[in-house]
Structure formats: structure tokens, C-alpha cells
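Novice:
In the working numbering, the protein residues as written are 86 to 282.
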């Protein structure tokens, strides 16, 4: 299938600063350590390996095992946790602020891109192990930023009083948001399946 692409700059969607960064403009290089391409990860790996002690790794693994003790974790998750105790294991971290019903689509893109980057790094540097980590910003306190999403041009909002970390909120009233969202879905089998969850 024939393909073509448009450069980030030609989309006119991204700022000149972002385009200059992506073009690896020399004027911006003093403001960051290494451009994130596969070739530059070798130096990053060596730097991180030298600066992260084994005791800290063991504390991390012990803490994760304690947190997951009563949860049903996949074999792959446990393999990743165990691998963190080895000095040749590194994490690739992404995160996202909490949103109702997962928020924007880039939430998924971030996770998939992080998993794919771990695979690419493993292929480029087979002597190392790479663990994708998703950080959920549950300590955020700005409920007004995350209590809504737009669907078909309409704002679907969770109206309630809230204070403190949004990750600590109970789900009171979320059923009304679900009903409002569900009423905007069509009646296809896919929509019905989505509503069943």
C-alpha cells in the first residue's frame, strides 16, 4: 500500500519550539541531556546504571511485591517486577493524569508507545532488560481538570464536591456520568458491548 507522510512542521499544528526540538536544532541542545533516539540510549543506560544502587533496586522490588501481594498479577508483570532487582534492567516510564473513562486517546498511545519502545530497546540492546511502567497521577488535586470529557461535541461531566487527591475519591455519582455517556452512544452491537462494561 502506498504511504506518504507529513512532517510535524508541515502540519502547522506544532509550535516552532517543538518542531525545532524534533529536528534536533543545535540551538536547543543545551536545554536537554540527550535526544531520545535509539543510538543515544546506550549512553543513557550507562549513566543510569552507574547512578542507581542495588539496595534501592531491592527496596523497590520488595515494595512492589508487597503492594501486589493480594492482587492477581499476570506472569509477565511478575517477571518484570523480579527483573527490576537486576542491574541490567531499566524502566521506561510514561504517565497520565487521571480522567474519567480514560480521557483522550493519547492515554492509550502513550502506553502502547512505551511498550513498543521497550521492545525496540531490547532488540537494539539485547544484553539489557526494559520494563514499561505506567504512572497514574492519582495524587493530582485538580478535580476540575479531570471531571469531564467531550463526546460528539457535548461535554459529559462528573458533578460533585471534591478535595484532596483525585485518586482517593470515592465513585459516588459516577453512575450518572455513565448513564449520560451511554445515552449518547448509538445502538450498534459495539455500543451495546461497551455499555455492558
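For each residue, glycine too, the CB sits at the ideal point set by N, CA and C.
So the alpha helix (DSSP H) residue 150 belongs to, where does it begin and stop?
Specialist: Translated into positions along the chain shown, residue 150 becomes position 65. Taken as a continuous stretch (DSSP letters only), the alpha helix (DSSP H) holding residue 150 covers 139-152.
Novice: In terms of residues, what are the limits of the beta strand (DSSP E) holding residue 239?
Specialist: Taking the chain shown and counting its residues from 1, the one referred to as residue 239 is at position 154. Run containing residue 239: 239-242, per the beta strand (DSSP E) assignment.
Novice: Extract the residue ranges of the alpha helix (DSSP H) inside the segment 172-218, only unbroken runs of 4 or more that lie entirely within it.
Specialist: Here the runs fully enclosed are 191-209.
Novice: Tell me the rounded alpha-carbon separation between residue 136 and residue 248.
Specialist: Locating residue 136 in the chain shown gives position 51, counting from the first residue. Locating residue 248 in the chain shown gives position 163, counting from the first residue. Going by the C-alpha atoms only, they are around 38 angstroms apart.
Novice: In angstroms with no decimal places, state the Cα-to-Cα distance between residue 242 and residue 198.
Specialist: Looking up residue 242 in the chain shown gives position 157. Looking up residue 198 in the chain shown gives position 113. When rounded, the distance between both Cα atoms is 29 angstroms.
Novice: According to DSSP, is residue 49 helix, strand or coil?
Specialist: Past the boundaries of the shown model lies residue 49; the chain is included only from 86 to 282, so the question cannot be answered.
Novice: Out of 237, 232, 204, 206, which has the shortest C-alpha to C-alpha gap to residue 245?
Specialist: As a working note, residue 245 is residue 160 in the chain shown. Measuring from the Cα of residue 245, the nearest candidate turns out to be 232.
Novice: When the distance is taken between beta carbons, is residue 174 closer than 9 angstroms to residue 214?
Specialist: Position 129 of the chain shown holds residue 214. Position 89 of the chain shown holds residue 174. Contact: yes.
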